[in-house]
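Encoded as structure tokens, the structure appears first; notes follow it.
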Amino acid sequence: MTKQATEARLLKVAEAIEKCENILKNKAGEEFHIHKGREPEAFNNLSAVQKIAKVTAVGINTEWGLLMASISEDNGGETPLQVRLNGVATLIGSVGLSVAAFVLVVLVVRYFTGHTKNPDGTVQFIKGQTSVKNAIDGAVKILTVAVTIVVVAVPEGLPLAVTLTLAYSMRKMMADKALVRRLSACETMGSATTICSDKTGTLTLNQMTVVEAYVGGIKLASPDSNTQLASSICSLLIEAIAQNTTGNVYEPEDDGPVEVTGSPTEKAILSWGIKEGSEVHIHWKGAAEIVLASCTRWLDSNGQTQDMTPRQMDVFRKSIEEMAAVSLRCVALAFRFYEMESIPGADERDSWALPENDLILLGIVGIKDPCRPGVKDAVELCTNAGVKVRMVTGDNLQTAKAIALECGILHSEEEAVEPTIIEGKVFRAYSEKAREDIAEKISVMGRSSPNDKLLLVQALKRRGHVVAVTGDGTNDAPALHEADIGLAMGIQGTEVAKESSDIIILDDNFSSVVKVVRWGRSVYANIQKFIQFQLTVNVAALVINVVAAVSSGEVPLNAVELLWVNLIMDTLGALALATEPPTDHLMKRPPVGRREPLITNIMWRNLIVQAFYQVTILLVLNFGGRSLLRLNHNTREHADKVKNTFIFNTFVFCQIFNEFNARKPDEMNVFKGVTKNHLFMAIIGITVVLQIVIIEFLGKFTKTVRLDWKLMLISIAIGLLSWPLAVAGKLIPVPRIPISEFLPKLPGKRTTGRQADGSQSNSA
């Protein structure tokens, strides 16, 4: 059986639709179901036992279908990290191709002008004397050198490192109650500059209890006590609680407490009402200030109806403000009298819209929804990490302010002024440009609709923020989809909200959202570590081969050796650095946002220091290695092989030791926590073993020769010097202006859609 999304205009409904409704009950107990709304329409996923309706829309044309279509569009926008990676890859590729082309031209000119010589000193090409076959062999050799330079320059391991980091983090995040639906969301969360969070169930426990009540014009000493009230008002009060609800009360089979079902608000009010122990009927309930505005009379403690004077209205409003000031959700209970002859007949009852005015206020209750344990610490952690937490809630501004103060989103009453706290209707009334300016300052938005949340997300993105949004309702889907990272709640969230999200928070806890930020930053940091490590390898190898090729026509690192370096350094190096766990240090940094460069000045400093050291040492060995290594007693050809093998071995050990430096780009102690990362240590060990095997047993394939133990130890010692050099290098201050600002801007994709702020980004 297939299900088709359908909408219809209701003609007859025999049983109560499972939505918010009013039920009128007469003294004989007969129920009349009064359907609310501007039009008697039923939407897809609405349940009724029996109904007759005229179908008005099906499939994509329903409200449900239009919503799903709007959130299903994939505009192919790139994440901030993808934009940066594309910029880095384009820059490196351009440099590599340019250098390779330059070397190719230089070597061709040198060869065909007779400046390239053999090891014995003879000229390789003499016009009119060198055979065509030898000339072609020489040209192929030159081309091989150029291709080798391209191989060195291109960061082949970068895509692998990104994929490994994302996959590893996604698996680990499951243990922290976060299910990743879209892989790239892991790294995007690390760039988040602001989180727009719901209140109920995310910042709070969503376990509501009535802790304060204002009934009959007086504040009850205890919400569980009815001694101050007349019996008639108690009866009406319980009618209002028990009938105007979709919840139920079940008698326990044993001596345990009664079981109450329904929404958290209804459960709180029902649990309070059934303590009175009376028979129940029905009335009105809703947001206190809204219901109060419809009341023209009120019921005093003796059960007498009094007119709602302006003075009494102010008294009730003050009580609402006092409750909201201590973070209570305020709900008002009201009713109105009807003559039996005024109630429509059965045929007309289904289309009867009950007037929502001339109500009689019965009482106001304050419901406490306590903050989740650890939320204040989590918000403080975000604040210290430079991530601004904004509360977006449907509760009134006073309640939202009190919860924000309790959670640490607001730090003092002095902060609680507009536009730091603002109502949704006020925010949406601003122009688009004004909303951008106001959005920067907002910490709390009360009485907000899902559309207000969407407008806030759009305004923040236009200001360049990377925005994360939490949501649980179907109407939150557009905001979840529009955000850079949509976080749906796994317990309270609807299926539509989950489908629109990038990550599902399985325990609905804001602390888990902060853990996602932590993992996201770890992803970004690990990718940066690998980029620093690999660029050091590439720059050193590129400079060594280019200088050697231009000066002598020969390269110390041949194509096979460089492919081996790519295999063990890129593949194993990516695996080692991609699995570095997150640290507390990550949450002490500001967020990278959308426009900060991927390669920071600290990375440039570390890269330049290590590359300069390696290039200097290896070029000295290349041009003076025979005498420095005392190889003069060997034949020139054998001496060159030993020298080149030593250069290759030293180059690899420099990278092995520099891999430790890459773990902590901005910390002095590069060994901190290294023994806890067993995979990293295992990969280092495997790399060392493989390198020794290559030198000792696979020289036929790599064109190397065996090294004696002295030369092997010297290679290791040269590599080991990169550790103290890294410590000394970190004492060098770095400029505040990113070096990437001085690099040429390369053409790149504009990030559009859900990841976009509409700005061009080509950060390297």
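Numbered by my numbering, the letters in the sequence shown go through residues 128 to 891 in order.
Note that the Cβ used here is the ideal one computed from N, Cα and C, for glycine as well.
On a predicted model such as this, the values are computed, not experimentally measured, just so you know.
> Counting pairs of Cβ atoms below 8 Å between the region 447-460 and the region 494-508, do you hit three or more?
Replying inline: Judged by Cβ distances under 8 Å, the region 447-460 makes contact with the region 494-508, as three or more pairs qualify.
> Which of the three DSSP states, helix, strand or coil, is assigned to Tyr-341?
Replying inline: Along the sequence shown, read from residue 1 onward, the residue named residue 341 stands at position 214. Tyr-341 falls in the strand class under three-state DSSP.
> Within this structure, are the beta carbons of Ala-319 and Asn-429 separated by less than 8 Å?
Replying inline: Position 192 of the sequence shown, counting from 1, holds the residue named residue 319. Position 302 of the sequence shown, counting from 1, holds the residue named residue 429. Going by C-beta atoms, Ala-319 is not nearer than 8 Å to Asn-429.
> How about Ser-849 and Phe-784: are their beta carbons less than 8 Å apart?
Replying inline: Here residue 849 refers to the residue found at position 722 when the sequence shown is read from its first residue. Here residue 784 refers to the residue found at position 657 when the sequence shown is read from its first residue. In this structure, Phe-784 lies closer than 8 Å to Ser-849 by Cβ.
> So what does Leu-488 bridge to, in DSSP terms?
Replying inline: Walking along the sequence shown from the start, residue 488 turns up at place 361. Answer by DSSP bridge pairing, in chain order: Trp-425 and Ala-461.
>> Please report the distance separating the alpha-carbon of Lys-791 from that of Val-677.
In response: In the sequence shown, counting from the first residue as 1, residue 791 sits at position 664. In the sequence shown, counting from the first residue as 1, residue 677 sits at position 550. Roughly 36 Å between the two C-alpha positions.
> What are the start and end residues of each continuous beta strand (DSSP E) run of 3 or more residues lying completely inside the region 552-583, in chain order?
Replying inline: 571-573
>> Please report the distance separating the alpha-carbon of Lys-656 from that of Val-453.
In response: What you label residue 656 is simply residue 529 of the sequence shown in a count that begins at 1. What you label residue 453 is simply residue 326 of the sequence shown in a count that begins at 1. Answer to the nearest angstrom: the Cα atoms are 47 Å apart.
>> Extract the residue ranges of the alpha helix (DSSP H) inside the region 481-542, only unbroken runs of 4 or more that lie entirely within it.
In response: 502-511 and 524-534
> Once you ignore the five residues that flank Tyr-238 on each side, which residues in its own chain have a CB closer than 8 Å to its CB?
Replying inline: Translated into positions along the sequence shown, residue 238 becomes position 111. Apart from the 5 residues on each side of it in sequence, Tyr-238 sits with its Cβ closer than 8 Å to the Cβ of Gln-251, Phe-252, Gly-265, Ala-266, Ile-269 and Gly-680 in its chain, given in chain order.
> With burial defined as no fewer than 16 other Cβ atoms inside 10 Å of the residue's Cβ, what is the status of Leu-364: buried or exposed?
Replying inline: Residue 364 sits at position 237 when you count from the first residue of the sequence shown. Result: buried.
> Should the region 824-838 be called in touch with the region 758-773, which here means at least 3 C-beta pairs below 8 Å?
Replying inline: yes
>> I'd like to check one pair, Leu-537 with Ala-531: are the Cβ atoms closer than 8 Å?
In response: As a first step, residue 531 must be located in the sequence shown, where it is residue number 404. As a first step, residue 537 must be located in the sequence shown, where it is residue number 410. Leu-537 is positioned such that its CB atom lies closer than 8 Å to that of Ala-531.
> In its own chain, which residues sit with a C-beta less than 7 Å from the C-beta of Leu-847, not counting the 5 before and 5 after it?
Replying inline: Taking the sequence shown and counting its residues from 1, one reaches residue 847 at position 720. For Leu-847, where only same-chain residues beyond five positions count, the Cβ hits under 7 Å are Phe-784.
> Between which two residues does the beta strand (DSSP E) harbouring Thr-321 extend?
Replying inline: In the sequence shown, the residue the question calls residue 321 occupies position 194. Residues 321-324.
> Can you tell me whether Met-808 is buried or exposed, with buried defined as 16 or more other CB within 10 angstroms of its CB?
Replying inline: Residue 808 sits at position 681 when you count from the first residue of the sequence shown. It is exposed - the Cβ of Met-808 has fewer than 16 other Cβ atoms within 10 Å.
> So, do the region 541-555 and the region 733-752 have three or more beta carbon pairs nearer to each other than 8 Å?
Replying inline: Between the region 541-555 and the region 733-752, the count of C-beta pairs closer than 8 Å stays below three; the two stretches do not touch.
>> Let's test the definition: count the other Cβ atoms within 10 Å of the Cβ of Gln-76 and tell me whether it reaches 16, buried, or not, exposed.
In response: Beyond the ends of the chain as shown, which are 128 and 891, falls residue 76; an answer cannot be given.
> Taking buried to mean at least 16 other C-beta atoms within 10 Å of its own C-beta, is Asn-153 buried or exposed?
Replying inline: Stepping through the sequence shown from its first residue, residue 153 is reached at position 26. Note that Asn-153 scores a pLDDT of 37, beneath 50, so its modelled location is shaky; the value from the coordinates is reported in the next line. When all chains shown are included, Asn-153 counts as exposed.
> Where does Phe-778 land, buried or exposed, given buried means 16+ other C-beta within 10 angstroms?
Replying inline: Here residue 778 refers to the residue found at position 651 of the sequence shown. That one is buried.
> How would you label Met-616, buried or exposed, when you count the other beta carbons within 10 angstroms and need 16 or more for buried?
Replying inline: Indexing the sequence shown from 1 puts residue 616 at position 489. Its Cβ being crowded by 16 or more others within 10 Å, Met-616 is buried.
> Is it buried or exposed for Gln-737, if we count other Cβ within 10 angstroms and need 16 for buried?
Replying inline: For this step, residue 737 is matched to residue 610 along the sequence shown. Buried, because 16 or more other Cβ atoms sit within 10 Å of the Cβ of Gln-737.
> Between Leu-224 and Val-279, which are expected to be in contact by the criterion C-beta below 8 Å, what is the C-beta distance as a whole number of angstroms?
Replying inline: Locating residue 224 in the sequence shown gives position 97, where the first residue counts as 1. Locating residue 279 in the sequence shown gives position 152, where the first residue counts as 1. No, Leu-224 and Val-279 are not in contact; Cβ-Cβ is about 12 Å, not under 8 Å.
> Looking at the unbroken beta strand (DSSP E) that takes in Gln-334, where does it start and where does it end?
Replying inline: Within the sequence shown, numbered from 1, the residue matching residue 334 stands at position 207. Neither: Gln-334 is in no beta strand (DSSP E) and is coded neither H nor E.
>> For Gly-535, which residues in the same chain have their Cβ closer than 6 Å to its Cβ, ignoring the five residues on either side in sequence?
In response: Locating residue 535 in the sequence shown gives position 408, where the first residue counts as 1. Closer than 6 Å at Cβ, skipping near neighbours: Lys-503, Val-506 and Glu-507.
>> Please give the ranges of any beta strand (DSSP E) in the region 654-689, keeping only runs that are unbroken, at least 3 residues long and fully inside the region.
In response: none
>> So for Met-616, helix, strand or coil by DSSP?
In response: Mapped onto the sequence shown, residue 616 falls at position 489. DSSP places Met-616 in strand when its eight states are reduced to three.
> Are Glu-314 and Leu-208 close, meaning C-beta to C-beta below 8 Å?
Replying inline: Numbered from 1 along the sequence shown, position 187 holds the residue referred to as residue 314. Numbered from 1 along the sequence shown, position 81 holds the residue referred to as residue 208. It is a contact, given that the beta carbons lie within the stated cut-off.
>> So for Asp-611, helix, strand or coil by DSSP?
In response: To locate residue 611, count along the sequence shown from 1; it is residue 484. If DSSP states are grouped into helix, strand and coil, Asp-611 belongs with coil.
>> Assuming the contact rule is C-beta atoms closer than 8 Å, Asn-665 and Pro-282 should be a hit. Round their C-beta distance to whole Å, please.
In response: As a position in the sequence shown, residue 665 is number 538, starting the count at 1. As a position in the sequence shown, residue 282 is number 155, starting the count at 1. That belief holds up - the Cβ atoms of Asn-665 and Pro-282 are roughly 6 Å apart, short of 8 Å.
> Closest to Ala-566 by CA distance: which of Pro-709, Leu-607, Gly-600 and Val-519 is it?
Replying inline: As a working mapping, residue 566 is identified with position 439 in the sequence shown. Of the listed residues, the one whose Cα sits closest to Ala-566 is Val-519.
>> What does the alpha-carbon distance come out to for the pair Leu-285 and Ala-701?
In response: Position 158 of the sequence shown, counting from 1, holds the residue named residue 285. Position 574 of the sequence shown, counting from 1, holds the residue named residue 701. Each residue's alpha carbon lies about 8 Å from the other.
> Just how far apart, CA to CA, sit Leu-231 and Ala-273?
Replying inline: Taking the first residue of the sequence shown as 1, we reach residue 231 at position 104. Taking the first residue of the sequence shown as 1, we reach residue 273 at position 146. Using only the alpha carbons, I get a separation of about 6 Å.
> Apart from the five residues on each side of it in sequence, which residues of its chain come closer than 6 Å, Cβ to Cβ, to Val-815?
Replying inline: Working through the sequence shown from its first residue, we reach residue 815 at position 688. Short of 6 Å from the beta carbon of Val-815, and not among the five residues preceding or following it, lies no beta carbon of its own chain.
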